[in-house]
Structure formats: C-alpha cells, structure tokens
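> One structure, pasted below without further comment.
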Amino acid sequence: MFNYKVISRILGILLIINGGFMALCLPVSIYYWETDSVSLAISSAITLACGFLLKHLARNNKNKDLKKKDGYLIVTSGWIVMSFFGALPYLISGAIPSLTDAFFETISGFTTTGASILNDIEAVPRGILFWRSLTQWIGGMGIIVLALAILPFLGIGGMQLFVAEAPGITPDKLQPRIQETAKRLWYIYVGLTLTEAILLYLAGMGAYDAINHSLTTMATGGFSTMNASLQGQPAAIQYIIIVFMFLAGTSFTLTYFGLKRNFTKIIKNEEFVVYLLFTLAITVIVTLTLLVVTDHGIERSFRDALFQVVSLITTTGFVSADYTQWAPFLSVLFFILLFVGGSAGSTAGGVKVIRHVVLFKNSFLELKRQLHPSAVMPVRISGKAIEQNIVYNVLAFIMIYILVFLVGVTLLSSMNVDFDTAFGAVATSLGNVGPGIGDVGPVDNFSGMPMAGKWLLAALMLLGRLELFTVLMLLSPHFWKKR
3 MFNYKVISRI
13 LGILLIINGG
23 FMALCLPVSI
33 YYWETDSVSL
43 AISSAITLAC
53 GFLLKHLARN
63 NKNKDLKKKD
73 GYLIVTSGWI
83 VMSFFGALPY
93 LISGAIPSLT
103 DAFFETISGF
113 TTTGASILND
123 IEAVPRGILF
133 WRSLTQWIGG
143 MGIIVLALAI
153 LPFLGIGGMQ
163 LFVAEAPGIT
173 PDKLQPRIQE
183 TAKRLWYIYV
193 GLTLTEAILL
203 YLAGMGAYDA
213 INHSLTTMAT
223 GGFSTMNASL
233 QGQPAAIQYI
243 IIVFMFLAGT
253 SFTLTYFGLK
263 RNFTKIIKNE
273 EFVVYLLFTL
283 AITVIVTLTL
293 LVVTDHGIER
303 SFRDALFQVV
313 SLITTTGFVS
323 ADYTQWAPFL
333 SVLFFILLFV
343 GGSAGSTAGG
353 VKVIRHVVLF
363 KNSFLELKRQ
373 LHPSAVMPVR
383 ISGKAIEQNI
393 VYNVLAFIMI
403 YILVFLVGVT
413 LLSSMNVDFD
423 TAFGAVATSL
433 GNVGPGIGDV
443 GPVDNFSGMP
453 MAGKWLLAAL
463 MLLGRLELFT
473 VLMLLSPHFW
483 KKR
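Numbering (the numbering used here), first residue to last: 3 to 485.
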C-alpha cells in the first residue's frame, strides 16, 4: 500500500537537513561565548544519527515510485518528526524544559506561526534563538520543497510531494521540471533574505538582530529576538520590515517575473491586485481611525497602521504597537484580518486571497444564475475561466476551515479558556499568524495556556500550514485502505 522504504529514506533526508541547520547555530553560540554550544552539538548529533539511520534502513530498495498517498504521508509526518527533533535544543539546553512547551515553540516555528511561550526572549542564549529563527526560515518555503531541489540526485521523483505541499490552487510552475521550480524559488528566497538583512544592518539594527529578523520576515513567521518585538524601532527599520513582509506575502512566482522585468504578468494577476488594493484600503481606514483616537501625527499613524495591517494579512505577526488598545472597532477589524492570508505561492498562511476572490465571484455569479439558469457562467480569474472542481475545492476548504475553527474554539473553551482568548488563539493558530486577541494579544504570549490547549493549538498550526486537506486526509479510513 505504502512505499515505506522511500518514506523512511526521505524522512531520513529531512532529519539530516534539520541536523545540518542545527549545526549552523554552533558558530553563533561560540562567537558569543554562550553556554548552549554543547546542547546544540548534542541535538545536531542525535538528529543527524537518526536521519542517517532512517536513510540506511531504506537501502537496497529497488522500488522508488512515490505515489500521491506517500506524498501526503511524508508531508504530514515530516513536519511532526521535524518538530519533535527540532525541540531538542530547547530541552537539552534547559531554555524550555517542558516537552509540551518545547514542541509548541518548535512547531510554531516550522509552521511559521510565531506564537510563543517564552516570557523573556532576551534571556535565551543567542545560539538557541538563532535556531528558533531558523525553524521559521526552514518552514517558510517548506522543508519538503528544499528536499525537492536535491531529490533528482537521489533518483526519486518529487511531483507528488509538491502537490501535497501546496494543495488547492497553486501557482504556475516556472519550469517544466518541479525540481527546477523548487531551486528557483529557493534562490529568490535566499536572495531576498540576504538583501533584507543588509538593509536592516545599514538602517542601524545590529548584525545578529538583522539576520534573525530577515530570516523570520521572509518566512512570514514573526519570531523576534527582542521582548518588545519591533515596538520602538526607528521608522527606517519598520518600513524595511513592511516592504519585505509584503513581498513575502506575495506569490514567489510573481516575484520571479518581477525580477525578470515581466511586469505585465504582475499587473494582470488578479490575486495580486486584490491583495494590494485590500491592504491599502484597510491601511487608510486604520490610519484615519488612529488620527481620531490617538495624538499621533499623520506619519506615525500611517506607519503603525500599515505595519500592523501588512503584518496580519501576510500572517507574519510582528508587532509595532499594541493594536488592542487603539479602539474596539480596530480590534474587531484586526480579528477579521486573521482570516485573510497572503497570496497563494507565498510563505504566508491563512485562507489565502485567491480563495476569497473565488468565493466572492462564485457567490455573485450564483445570483445571476438564479435569473438565468440556462446560462453558462464560469468563474474567471485574471480573465481565465477556472474549472468547476477548483471552485468546489475552494468552497469545501472554506467550509472545513470554519468548521475546524468552531470545533477548536469549543474545545479550547472547555479547558476554562475565556471566550475572547479562545477565539483569538484558535484563529491565530489556524491562520499561522502569531498574535491574536484576549490573553494572546500582541504584547502577550501563550505561556498561560493549559497543557492540553497547547497541544490542540499545535495541531491547529499544522492543519493551517498544510492547508487542512493534507492532514485531514490521513484521518480518513479510506486513506488507509489497501487498493
């Protein structure tokens, strides 16, 4: 039924990659004379050893075919396995001694959610914090896509993995071979990360903080090395973060076309136009409201509004101000933004803009169909008709998303979590945003959540990151039937 040897081999490769990234944190720890270097070395050694063992168990396997079922199983199990091993540096160093908290922090990183249980981030050793940022950077484009770039050397085809990694509406492939697509996406990802780090450093941010924030910005993750996140930072630094958050929430295929100076494709892309105009419209509303309810000037009000709107829409989750203290109207508006999401083909989480576009277009067309039942009225995106099965997929996704949200709120409320906090925690975890409302607002964290609640929210983060179907499919008895 499943090709377990291929699954074992790929999981082994993922752990080897994971252990290699852990090893990259060692120079940081040694440079700052931190006490976490031994913990990082042990964690890396354990992860590498387990990775090589899994890879060794799959030796002499002649059947290298990878079916779609295998792909879905690899993606889900890969994220879980990576998160458990990724928690080792926290546990061994004692930075986060609880398994529940360590796993929560790690899966929050790999899913680029940015929800944290750390009360004093600046007290954590820098090598561990660098690993914390790296988990988001790895998860940003997906450890699976990274593996896709090297799978050709292993003689394994990877199309099924890409389908499982980005279910539903996916961006056009940039090259005929999926491996070439993955490589180009990573080139763009790495290039933008380096560019942002340099600009932040030139704007006055320290080298260590600049590198960490660039890693988590491009991943739309939002982990910061500072307790106050980006509150109180100079305007230049905040504007740089805003630009790169917006780019990270844009489809990387469009970024590729932009670098090729093919701006026509960008202008004609309906999702990008809606994404841009919606961001600007909400920013104007928030700016005008801030001018009324605060004594900030126009520039400060505009910057605070733009920063928080872009941060929430792109699901990055950085904080430049406590937006829950501005006005009740804005708290409700920002709660709604937790359900928007960035563009398909970006590192952002959430429902995604394109699904909202399809939903609204199909809803308006349904009104016309009632008047003209015999007319053929397909949903068109960027001038092209999309297949009806994609429309059904979008409708099913949004329906299941709402259902999972309601079930999550009900379960979390049953653990004596208050109404506002339950709504905020579930919405921000499922949308992979980070900050929410209630006791998990922009200046709070998730340390006060009950243990069972943290595991529930961790599951919701995984569901949101893998866009529901990939994980829920594994819960179906039909998936495990032999055929």
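We put the CB at the ideal spot given by N, CA and C, even for glycine. Quantities reported herein were computed from a predicted structural model and do not represent experimental measurements.
1. With a threshold of 16 other CB atoms inside 10 Å of the CB of residue 488, please say whether the residue is buried or exposed.
2. Residue 34 lies in the alpha helix (DSSP H); which residues open and close that run?
3. Tell me whether the segment 308 to 328 and the segment 394 to 402 touch, counting them as touching only if at least three CB pairs, one residue from each stretch, are closer than 8 angstroms.
4. Ignore the nearest five residues each way along the sequence and tell me which others in residue 340's own chain have a CB closer than 6 angstroms to its CB.
5. Specify, as a first and last residue, the run of the alpha helix (DSSP H) that residue 272 falls within.
6. Going by CA-CA distance only, name the one from 368, 5, 275 and 142 that's closest to residue 468.
7. Is residue 387 helix, strand or coil by DSSP?
8. Which one of 111, 55 and 98 has the shortest CA to CA distance from residue 82?
9. Given this structure, state the Cα-to-Cα distance separating residue 123 from residue 70, to the nearest angstrom.
10. Can you find the residues in the same chain that come closer than 6 angstroms, C-beta to C-beta, to residue 1, ignoring five residues on each side of it along the sequence?
11. Relative to the alpha-carbon of residue 236, which residue among 250, 323 and 184 has its alpha-carbon at the smallest distance?
12. For residue 453, which residues of its own chain have a beta-carbon under 8 angstroms away from its beta-carbon, when the five flanking residues on both sides are left out?
13. Given residue 345, which residues of its chain have a CB within under 8 angstroms of its CB, disregarding the five upstream and five downstream residues?
14. Among the residues of its own chain, which have a CB less than 8 angstroms from the CB of residue 447, if the five just before and after it don't count?
15. Between the Cα of residue 329 and the Cα atoms of 439, 95 and 113, which residue gives the shortest distance?
16. Note down the Cα distance separating residue 216 from residue 198, rounded to an integer number of angstroms.
17. Identify the continuous alpha helix (DSSP H) that holds residue 91 and give its terminal residues.
18. In or out: residue 115 buried (at least 16 other Cβ within 10 Å) or exposed?
19. Check residue 61 in the structure and name its three-state DSSP category.
20. Could you name the residues of the same chain whose beta carbon sits closer than 7 angstroms to that of residue 268, not counting the 5 residues immediately before and after it, in chain order?
21. Got a sec, what are the start and stop residues for the alpha helix (DSSP H) residue 483 sits in?
22. Just to confirm the assignment, what range does the alpha helix (DSSP H) spanning residue 135 have?
23. With a 10 Å radius around its C-beta and 16 neighbouring C-beta atoms as the bar for buried, classify residue 128 as buried or exposed.
24. Would you mind giving the Cβ-Cβ distance between residue 363 and residue 381, rounded to the nearest angstrom? I have them listed as a contact below 8 angstroms.
25. Is residue 389 buried or exposed, if buried means 16 or more other CB atoms sit within 10 Å of its CB?
26. Apart from the five residues just before and just after residue 348, which ones in its own chain have a Cβ nearer than 6 angstroms to its Cβ?
27. Going straight from the alpha carbon of residue 289 to that of residue 407, what length do you get?
28. Three or more C-beta pairs under 8 angstroms: does that hold for the segment 5 to 25 against the segment 44 to 58?
29. Classify residue 455: buried if its beta carbon has 16 or more other beta carbons within 10 angstroms, exposed otherwise.
30. Could you compute how far the alpha carbon of residue 332 sits from the alpha carbon of residue 420?
31. Look at the Cβ atom of residue 458, then the Cβ atom of residue 413, and state whether they are nearer than 7 angstroms.
32. Between which two residues does the alpha helix (DSSP H) carrying residue 208 extend?
33. Less than 8 angstroms between the CB atoms is what I'm expecting for residue 427 and residue 109, so what's the real figure, rounded?
34. Using alpha carbons as the reference points, say which of 437, 451, 445 and 443 lies closest to residue 417.
35. Taking a contact to mean a Cβ-Cβ separation below 7 angstroms, would you say residue 476 touches residue 78 in this structure?
36. What are the boundary residues of the alpha helix (DSSP H) that includes residue 330?
So, to answer that:
1. Here the chain has residues from 3 to 485 only, and residue 488 is not among them.
2. Position 32 of the sequence shown, counted from the start, is the residue given in the question as residue 34. Segment: none, residue 34 is in no alpha helix (DSSP H) and carries neither H nor E.
3. no
4. Numbered from its first residue, the sequence shown carries residue 340 at position 338. Correct list, in chain order: 429, 430, 433 and 435.
5. The residue labelled residue 272 in the question sits at position 270 within the sequence shown. From DSSP, the alpha helix (DSSP H) with residue 272 extends over 272 to 295.
6. As a working note, residue 468 is residue 466 in the sequence shown. Answer by Cα proximity: 142.
7. Here residue 387 refers to the residue found at position 385 when the sequence shown is read from its first residue. Three-state DSSP puts residue 387 in a strand.
8. In the sequence shown, the residue the question calls residue 82 occupies position 80. When each option's Cα is compared against that of residue 82, the closest is 111.
9. As a position in the sequence shown, residue 123 is number 121, starting the count at 1. As a position in the sequence shown, residue 70 is number 68, starting the count at 1. Computed Cα separation, rounded: 41 angstroms.
10. Because residue 1 is not part of the residues shown, which for the chain are 3 to 485, the question remains open.
11. One-based indexing of the sequence shown puts residue 236 at position 234. Of 250, 323 and 184, the residue nearest in Cα terms is 323.
12. Sequence index remark: in the sequence shown, residue 453 carries index 451 (1-based). Contacts found: 102.
13. Taking the first residue of the sequence shown as 1, we reach residue 345 at position 343. Here the set comprises 251, 252, 253, 256, 273, 274, 277, 354, 355 and 356.
14. Taking the first residue of the sequence shown as 1, we reach residue 447 at position 445. 117, 118, 119, 120 and 121.
15. Within the sequence shown, the letter at position 327 stands for residue 329. Looking at the Cα atoms, 439 is the closest of the given residues.
16. For this step, residue 216 is matched to residue 214 along the sequence shown. For this step, residue 198 is matched to residue 196 along the sequence shown. For residue 216 and residue 198, the distance between alpha carbons rounds to 6 angstroms.
17. As a first step, residue 91 is located in the sequence shown; it is residue number 89 there, counting from the start. Taken as a continuous stretch (DSSP letters only), the alpha helix (DSSP H) holding residue 91 covers 90 to 95.
18. Residue mapping note: residue 115 aligns to position 113 of the sequence shown, counting from 1. The residue is buried, with at least 16 neighbouring Cβ atoms inside 10 Å.
19. Taking the sequence shown and counting its residues from 1, one reaches residue 61 at position 59. Coil, per DSSP.
20. In the sequence shown, residue 268 corresponds to position 266, counting from 1. Cβ neighbours of residue 268 beyond the five flanking positions: 256, 259, 260 and 274.
21. Mapped onto the sequence shown, residue 483 falls at position 481. Element bounds for residue 483: n/a, residue is neither H nor E.
22. Along the sequence shown, read from residue 1 onward, the residue named residue 135 stands at position 133. From DSSP, the alpha helix (DSSP H) with residue 135 extends over 128 to 143.
23. Counted from its first residue, the sequence shown places residue 128 at position 126. Looking at its Cβ environment, which holds 16 or more other Cβ atoms inside 10 Å, residue 128 is buried.
24. In the sequence shown, residue 363 corresponds to position 361, counting from 1. In the sequence shown, residue 381 corresponds to position 379, counting from 1. Confirmed, about 5 angstroms.
25. For this step, residue 389 is matched to residue 387 along the sequence shown. Classification of residue 389: exposed, given that the 10 Å Cβ count is below 16.
26. As a working note, residue 348 is residue 346 in the sequence shown. Within the same chain, residue 348 has close Cβ partners 251, 252 and 253.
27. Within the sequence shown, numbered from 1, the residue matching residue 289 stands at position 287. Within the sequence shown, numbered from 1, the residue matching residue 407 stands at position 405. Looking at the two C-alpha atoms, the distance is approximately 30 angstroms.
28. yes
29. On the sequence shown, residue 455 is found 453 positions in, with the first residue counted as 1. By the 10 Å Cβ count, residue 455 comes out buried.
30. Sequence index remark: in the sequence shown, residue 332 carries index 330 (1-based). Sequence index remark: in the sequence shown, residue 420 carries index 418 (1-based). For residue 332 and residue 420, the distance between alpha carbons rounds to 20 angstroms.
31. In the sequence shown, counting from the first residue as 1, residue 458 sits at position 456. In the sequence shown, counting from the first residue as 1, residue 413 sits at position 411. Going by C-beta atoms, residue 458 is nearer than 7 angstroms to residue 413.
32. Reading the sequence shown from its first residue, position 206 is the one you call residue 208. First-last for residue 208: undefined, no H or E at that position.
33. What you label residue 427 is simply residue 425 of the sequence shown in a count that begins at 1. What you label residue 109 is simply residue 107 of the sequence shown in a count that begins at 1. Going by Cβ atoms, the distance from residue 427 to residue 109 rounds to 15 angstroms, so no, they are not a contact pair.
34. Walking along the sequence shown from the start, residue 417 turns up at place 415. Answer by Cα proximity: 451.
35. Here residue 476 refers to the residue found at position 474 of the sequence shown. Here residue 78 refers to the residue found at position 76 of the sequence shown. Cβ distance < 7 angstroms, so residue 476 and residue 78 count as in contact.
36. Looking up residue 330 in the sequence shown gives position 328. Here the alpha helix (DSSP H) through residue 330 covers 330 to 339.
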